[in-house]
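A.B. asks: Dropping the structure in here first, questions after.
Protein chains in written order, with my numbering: chain Y, 886 to 1122; chain P, 58 to 242.
Below you can see the structure in the form of structure tokens.
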């Protein structure tokens, strides 16, 4: 079910946040929310408008068994993603990418503080955002790979790729150095790209990555010629 | 660091699967969220269940948090509210009804003035000011619905008004609220 009328959409978002949208209408609305970020945004705004009313709620200490129950549920695997599992999944990087600046600094400190205790292989992660600062793709790879490193690419910005154009991925070595092409990528949500042997020694040391729109077949000049859709800096984890 | 920042930081650490951060997040927020659940469900055993499910949910979905641009407490409260509302709408479940009439009576009425103490933050002042602009019935209905998770039907029953009237109060009230708050932003 699509709610096309903008006025109606906002009215439904309001009643959803208020709690008066109930029964079948509520479930139908929740189904629409899944595929409609703009509708989720309307709901989030209404939740924000009404949130100060929560000040009227008297805090009540829950009994200790609630926390034990939560721990039990997470340990027994009801926590879908595992209690301990560290996942380099899309949502996480999205989450990390959008935290406010203050929180981002905290996070950077935190990541540094956490890393010595984690013995998993180091991973490089690049959250690449568009001009609107919203992340559109991520690239990650295990560091110190032998041979030809493989990059895992996730595209979730869903931009269109007009025919006759291609997406080219670039290493940004940093400083004054020019971008170096890693090759063309597609629009699929999950992809893998093998780094040519010659570039392998560089990949773990680049400053960041960028993706530009080029004529099909790739940039004719060896340098980005079209607009850069997404760009981001490497983070070592 | 303000409380919101502490909670935001704890959530970022939870996204990295830091259990100690999660325990701390629970310690800091559970009483408030339990209060939210109790107000809607009006039964402690249900509220406990809902709180537990909500925190499991929060842990599982915390990586999605920042995709919405809301304050951390608003996001967590929304999870608890939605869980509680879902809980109430399970078939064959009836909340004790008799308390509602008391509830309605205990709501601040206009004789006492429409001032509502929501706090000093900009959003809180804006909401309190804008609630004042509504007429008494609109304000009461909206506050009652939000606080206790009442459906249109329940509101109509307890306010002793036709369903259509209650729906209109809410719809117009929300529209005016939005107009007023957006005008202040």
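Where a beta carbon is used, it is the ideal one built from N, C-alpha and C, also for glycine.
All values reported here derive from a predicted model rather than from experimental measurement.
(1) Can we count residue 935/Y as close to the ligand ZN, meaning its CB is less than 7 Å from some heavy atom?
(2) Can you confirm whether residue 214/P, when its beta carbon is compared against all beta carbons of chain Y, has any partner nearer than 8 Å?
(3) In terms of alpha-carbon separation, which member of 954/Y, 1077/Y, 904/Y and 1116/Y lies closest to residue 105/P?
(4) Between 1119/Y, 897/Y, 1094/Y and 1073/Y, which lies nearest to residue 1113/Y when the distance is taken from Cα to Cα?
(5) Starting from the N-terminal side, write out each stretch of the alpha helix (DSSP H) that is 4 residues or longer and does not extend beyond the segment 1069 to 1118 of chain Y.
(6) By how many angstroms is the C-alpha of residue 137/P removed from the C-alpha of residue 1067/Y?
(7) Can you tell me whether residue 71/P is buried or exposed, with buried defined as 16 or more other CB within 10 angstroms of its CB?
(8) Please compile the residues from chain P whose C-beta is within a distance smaller than 7 Å of the C-beta of residue 944/Y.
(9) Helix, strand or coil for residue 1046/Y per DSSP?
(10) For residue 140/P and residue 1007/Y, I'd like the C-alpha separation in whole angstroms.
(11) Under 9 Å between beta-carbons, which chain Y residues line up against residue 245/P? List them in chain order, please.
(12) What are the start and end residues of the beta strand (DSSP E) that includes residue 1014/Y?
(13) Taking the straight line between their C-alpha atoms, what separation do you get for residue 219/P and residue 99/P?
(14) Is the segment 73 to 83 of chain P close to the segment 1100 to 1113 of chain Y, with three or more CB pairs under 8 Å?
(15) Using a Cβ-Cβ cut-off of 8 Å, state whether residue 113/P counts as contacting chain Y.
(16) Tell me the rounded alpha-carbon separation between residue 972/Y and residue 916/Y.
(17) For residue 991/Y, which of helix, strand or coil comes out of DSSP?
(18) Of all the CB atoms in chain P, is at least one closer than 8 Å to the CB of residue 905/Y?
(19) Closer than 7 Å by beta-carbon distance: list the chain Y residues that pair up with residue 95/P, in chain order.
(20) With DSSP collapsed to three states, give me the class of residue 147/P.
(21) In terms of alpha-carbon separation, which member of 926/Y, 898/Y and 903/Y lies closest to residue 913/Y?
(22) Within its chain, find whatever has a CB closer than 7 Å to the CB of residue 128/P; leave out the 5 residues flanking it on each side and keep chain order.
(23) List, from N- to C-terminal side, the alpha helix (DSSP H) runs of 4 residues or more that fit wholly inside the segment 921 to 969 of chain Y.
(24) So is residue 186/P in contact with chain Y if we call contact Cβ pairs under 8 Å?
(25) Whole angstroms are fine: how far does the CA of residue 922/Y sit from the CA of residue 1061/Y?
(26) Quick one: does residue 199/P have its CB under 8 Å from some CB of chain Y?
(27) From the DSSP output, in three-state form, read off residue 130/P for me.
(28) Spell out whether any CB of chain Y is found under 8 Å from the CB atom of residue 191/P.
(29) Quick one: does residue 1083/Y have its CB under 8 Å from some CB of chain P?
(30) Using a Cβ-Cβ cut-off of 7 Å (strictly less than) and excluding sequence neighbours within five positions of residue 1057/Y, which residues of its own chain qualify?
(31) Beta-carbon separation of residue 194/P and residue 226/P under 8 Å?
(32) Cutting at 6 Å between CB atoms, please list the residues of its own chain near residue 187/P, excluding the five before and the five after it.
(33) Residues in the same chain with beta-carbon distance under 7 Å from residue 202/P, minus the five sequence neighbours each way, listed in chain order, please.
(34) Give the single residue among 1011/Y, 1097/Y, 892/Y and 891/Y whose Cα lies nearest to the Cα of residue 1069/Y.
(35) For residue 1083/Y and residue 121/P, I'd like the C-alpha separation in whole angstroms.
(36) Report, in whole angstroms, the separation of the C-beta atoms of residue 893/Y and residue 935/Y, which I expect to be a contact under 8 Å.
C.D. replies: Well, looking at it:
(1) Among the components modelled here there is no ligand, and therefore nothing to report on the ligand ZN.
(2) Residue numbering aside, residue 214/P sits at position 157 when the second chain is read from its first letter. Cβ-Cβ to chain Y under 8 Å: no for residue 214/P.
(3) Counted from its first residue, the second chain places residue 105/P at position 48. Nearest C-alpha to residue 105/P: 954/Y.
(4) Against the first chain, residue 1113/Y aligns to sequence position 228. Residue 1113/Y has its Cα closest to that of 1094/Y, out of 1119/Y, 897/Y, 1094/Y and 1073/Y.
(5) Whole alpha helix (DSSP H) segments, 4+ residues: 1085 to 1088.
(6) In the first chain, the residue the question calls residue 1067/Y occupies position 182. In the second chain, the residue the question calls residue 137/P occupies position 80. Cα to Cα, residue 1067/Y sits roughly 46 Å from residue 137/P.
(7) Along the second chain, one-based indexing puts residue 71/P at 14. With a threshold of 16 other beta carbon atoms within 10 Å, residue 71/P meets it and is buried.
(8) Here residue 944/Y is taken as the residue at index 59 of the first chain, counted from 1. Simply 88, 89 and 92.
(9) Within the first chain, the letter at position 161 stands for residue 1046/Y. Assignment of residue 1046/Y by DSSP, reduced to helix, strand and coil, places it in the coil class.
(10) Position 83 of the second chain holds residue 140/P. Position 122 of the first chain holds residue 1007/Y. Taking the straight line from one Cα to the other gives about 38 Å.
(11) Absent from the model: residue 245/P. The displayed extent of chain P is 58 to 242, so no value can be given.
(12) As a position in the first chain, residue 1014/Y is number 129, starting the count at 1. Taken as a continuous stretch (DSSP letters only), the beta strand (DSSP E) holding residue 1014/Y covers 1008 to 1014.
(13) For the purposes of this step, residue 219/P is identified with residue 162 of the second chain, where counting begins at 1. For the purposes of this step, residue 99/P is identified with residue 42 of the second chain, where counting begins at 1. The C-alpha of residue 99/P is placed about 25 Å away from the C-alpha of residue 219/P.
(14) Of all C-beta pairs linking the segment 73 to 83 of chain P to the segment 1100 to 1113 of chain Y, fewer than three are shorter than 8 Å, placing the two stretches out of contact.
(15) The count along the second chain starts at 1 and reaches residue 113/P at position 56. By this cut-off, residue 113/P is an interface position.
(16) Stepping through the first chain from its first residue, residue 972/Y is reached at position 87. Stepping through the first chain from its first residue, residue 916/Y is reached at position 31. With a pLDDT of only 37 at residue 972/Y, under the threshold of 50, the placement of this residue in the model should not be trusted, and no figure is reported.
(17) As a position in the first chain, residue 991/Y is number 106, starting the count at 1. Note that residue 991/Y scores a pLDDT of 43, beneath 50, so its modelled location is shaky; the value from the coordinates is reported in the next line. Three-state result, residue 991/Y: helix.
(18) The residue labelled residue 905/Y in the question sits at position 20 within the first chain. Interface with chain P (8 Å Cβ-Cβ cutoff): residue 905/Y is included.
(19) Residue numbering aside, residue 95/P sits at position 38 when the second chain is read from its first letter. In chain order: 945.
(20) Counting from 1 along the second chain, the entry for residue 147/P is found at position 90. In the three-state reduction of the DSSP assignment, residue 147/P falls in the coil class, being assigned neither a helical nor a strand state.
(21) Residue mapping note: residue 913/Y aligns to position 28 of the first chain, counting from 1. Nearest C-alpha to residue 913/Y: 898/Y.
(22) Position 71 of the second chain holds residue 128/P. Excluding residues within five positions, the ones whose Cβ falls inside 7 Å are 61.
(23) Complete alpha helix (DSSP H) runs here, min 4: 922 to 935 and 949 to 960.
(24) As a working mapping, residue 186/P is identified with position 129 in the second chain. Answer no: the Cβ-Cβ gap between residue 186/P and chain Y never drops below 8 Å.
(25) Your numbering for residue 1061/Y matches position 176 in the first chain. Your numbering for residue 922/Y matches position 37 in the first chain. Between residue 1061/Y and residue 922/Y, the C-alpha separation is close to 39 Å.
(26) Stepping through the second chain from its first residue, residue 199/P is reached at position 142. By this cut-off, residue 199/P is an interface position.
(27) Taking the first residue of the second chain as 1, we reach residue 130/P at position 73. Under the three-state reduction of DSSP, residue 130/P is assigned to helix.
(28) Mapped onto the second chain, residue 191/P falls at position 134. No, residue 191/P lies away from the interface with chain Y (no Cβ there is under 8 Å from its Cβ).
(29) On the first chain, position 198 is the one that residue 1083/Y refers to. Against chain P, the CB of residue 1083/Y has no partner CB under 8 Å away; the residue lies outside that interface.
(30) For the purposes of this step, residue 1057/Y is taken as residue 172 along the first chain, with counting starting at 1. Taken in chain order, the residues that qualify are 1064, 1091, 1092, 1093, 1094 and 1095.
(31) Translated into positions along the second chain, residue 194/P becomes position 137. Translated into positions along the second chain, residue 226/P becomes position 169. Yes, Cβ-Cβ distance for residue 194/P and residue 226/P is below 8 Å.
(32) Counting from 1 along the second chain, the entry for residue 187/P is found at position 130. Shown here for residue 187/P: same chain residues with a beta carbon closer than 6 Å to its own, the five before and five after excluded, namely 234, 237 and 238 in chain order.
(33) Locating residue 202/P in the second chain gives position 145, where the first residue counts as 1. Here the set comprises 212 and 227.
(34) As a first step, residue 1069/Y must be located in the first chain, where it is residue number 184. For the set 1011/Y, 1097/Y, 892/Y and 891/Y, the Cα lying nearest the Cα of residue 1069/Y is the one of 1097/Y.
(35) For the purposes of this step, residue 1083/Y is taken as residue 198 along the first chain, with counting starting at 1. For the purposes of this step, residue 121/P is taken as residue 64 along the second chain, with counting starting at 1. Cα to Cα, the separation comes out at about 38 Å.
(36) Position 8 of the first chain holds residue 893/Y. Position 50 of the first chain holds residue 935/Y. Incorrect: roughly 19 Å between the Cβ atoms, too far for contact.
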